[in-house]
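Engineer: Going down the list, the protein sequences come from chains C and G.
For the first sequence, this note's numbering gives the first residue as 20, with consecutive numbering after it.
For the second sequence, this note's numbering gives the first residue as 20, with consecutive numbering after it.
One structure follows; several queries about it will come next.
Protein chains: 2
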Amino acid sequence: MSNYSAMQNTFSNSFKALSNPNRLALFSRLMNCCAPGTKCDATIAVRFCVGDLGEGLNIAPSTLSHHLKELNRAGLVEMERKGKNVECWVEPEKLKALSSFFQPD
Amino acid sequence: MSNYSAMQNTFSNSFKALSNPNRLALFSRLMNCCAPGTKCDATIAVRFCVGDLGEGLNIAPSTLSHHLKELNRAGLVEMERKGKNVECWVEPEKLKALSSFFQPD
DNA sequence: ACTACAATTCGAAACATGTCGAATTATAGT
DNA sequence: ACTATAATTCGACATGTTTCGAATTGTAGT
Numbered sequence: 020m021s022n023y024s025a026m027q028n029t030f031s032n033s034f035k036a037l038s039n040p041n042r043l044a045l046f047s048r049l050m051n052c053c054a055p056g057t058k059c060d061a062t063i064a065v066r067f068c069v070g071d072l073g074e075g076l077n078i079a080p081s082t083l084s085h086h087l088k089e090l091n092r093a094g095l096v097e098m099e100r101k102g103k104n105v106e107c108w109v110e111p112e113k114l115k116a117l118s119s120f121f122q123p124d
Numbered sequence: 020m021s022n023y024s025a026m027q028n029t030f031s032n033s034f035k036a037l038s039n040p041n042r043l044a045l046f047s048r049l050m051n052c053c054a055p056g057t058k059c060d061a062t063i064a065v066r067f068c069v070g071d072l073g074e075g076l077n078i079a080p081s082t083l084s085h086h087l088k089e090l091n092r093a094g095l096v097e098m099e100r101k102g103k104n105v106e107c108w109v110e111p112e113k114l115k116a117l118s119s120f121f122q123p124d
């Protein structure tokens, strides 16, 4: 347990997911709730459907879908189908984990 | 100023630098001071010469050099020649900036 | 000057990533 | 059943990344 290099691997996968500017933009929208037409409330996980998330990013739907899948695989973004749409959000715990990675003990 | 997408770009470059497991290991050593034969003192930026940093990572010196250069270009690691060696360290400010990226306002 | 050690640059090979358009699946409403 | 909208999968192509060994540069000591 507490396998050092396994944890390192998890984090490097997270950072890989955030290393692409488009993916980081998607993640930031979910994280900051500063996206078009959204009220800001940091206590509740913000939800977007896939299409709205990609708004203004100028990427093809297939590319958007691919990026969200990567974020989901890295464990950074949750996804759930809701009718015709698929809703996406970030769990606050994930933010805490990432934030504390950079805080020396 | 306070150009949103420029800041996003800086961060995606940082995360790209940390997306490689070997580079993340190098960065972690400088950050955590948990490396072989080092006393732990979080108040002072820890310094390693390039060779010692790569200890146990099983990568060629040329690869090690390349990775450190990437970390340096991303602005995450500082480097300074000191005689035969080149010393590397992480500025505590960088850690603070990265950590607070994940903290919603 | 010569030697030894530390680190970097260069070129090449194998592999991974970002992107698209076309085709497909999922769901809801008519 | 049919149609429209949302999202995904697939195959392809161009570009980037990781890694190495060989050659090179920088520095200190003999």
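All residues carry an ideal CB built from backbone N, CA and C; glycine is no exception.
On a predicted model such as this, the values are computed, not experimentally measured, just so you know.
Buried or exposed for G:Pro55, going by 16 or more other Cβ atoms inside 10 Å?
Structural biologist: With a pLDDT of only 39 at G:Pro55, under 50, the local geometry of the prediction cannot be trusted, and the value read off the model is given with reservation. Looking at its Cβ environment, which holds fewer than 16 other Cβ atoms inside 10 Å, G:Pro55 is exposed.
Engineer: Within a Cβ cutoff of 7 Å, which residues of the same chain sit near C:Phe30, ignoring the five residues on either side of it in sequence?
Structural biologist: Excluding residues within five positions, the ones whose Cβ falls inside 7 Å are Phe120.
Engineer: In whole angstroms, what is the alpha-carbon distance linking G:Ala79 and G:Leu45?
Structural biologist: In a straight line, the C-alpha of G:Ala79 is about 14 Å away from that of G:Leu45.
Engineer: Could you tell me the distance, in whole angstroms, from the CA atom of C:Arg66 to the CA atom of C:Gly94?
Structural biologist: Going from the Cα of C:Arg66 to the Cα of C:Gly94 covers about 16 Å.
Engineer: Are the segment 67-75 of chain G and the segment 101-108 of chain G touching by the rule of at least three beta carbon pairs closer than 8 Å?
Structural biologist: They touch, by the three-pair rule.
Engineer: If we ignore side chains and look at the alpha-carbon of each, how far apart do C:Leu37 and C:Leu90 end up?
Structural biologist: Computed Cα separation, rounded: 8 Å.
Engineer: Any idea if C:Met50 is buried or exposed, counting beta-carbon neighbours within 10 angstroms, 16 or more meaning buried?
Structural biologist: Under this definition C:Met50 is a buried residue.
Engineer: For G:Glu99, report the span of its beta strand (DSSP E) as first-last.
Structural biologist: Note, G:Glu99: beta strand (DSSP E), 97-101.
Engineer: In chain order, what residues of the same chain have a beta carbon less than 8 Å from the beta carbon of C:Thr82, not counting five sequence neighbours either side?
Structural biologist: Closer than 8 Å at the Cβ level, and outside the excluded window around C:Thr82, lie Asn41.
Engineer: 8 Å is my cut-off, CB to CB: does C:Ala44 come that close to chain G?
Structural biologist: By this cut-off, C:Ala44 is an interface position.
Engineer: Hey, would you say C:Phe34 sits closer than 8 Å to G:Leu43, going by beta carbons?
Structural biologist: Yes, the pair counts as a contact, with Cβ atoms nearer than the cut-off.
Engineer: Along the segment 74-106 of chain G, where does the CB come closer than 9 Å to a CB of chain C? Name the residues.
Structural biologist: Against chain C - using a Cβ distance shorter than 9 Å - the segment 74-106 of chain G contributes no residues.
Engineer: Establish whether the CB of G:Leu114 and some CB of chain C are separated by less than 8 Å.
Structural biologist: Yes - at least one Cβ of chain C is within 8 Å of the one on G:Leu114.
Engineer: If we count the other Cβ atoms within 10 Å of its Cβ and call it buried at 16 or more, is C:Lys113 buried or exposed?
Structural biologist: Counting Cβ neighbours within 10 Å, C:Lys113 comes out buried, since at least 16 surround it.
Engineer: Quick one: list the residues of chain G neighbouring C:Phe30, beta-carbon separation under 7 Å, in chain order.
Structural biologist: Those are Leu43, listed as they occur along chain G.
Engineer: So, C:Ser118 versus G:Gln27, is the Cβ gap smaller than 8 Å?
Structural biologist: No; because the gap between Cβ atoms is not below 8 Å, this pair is not in contact.
Engineer: Could you have a look at G:Val109 and say whether DSSP puts it in helix, strand or coil?
Structural biologist: In the structure shown, G:Val109 sits in coil (DSSP, three-state: anything other than H, G, I, E or B).
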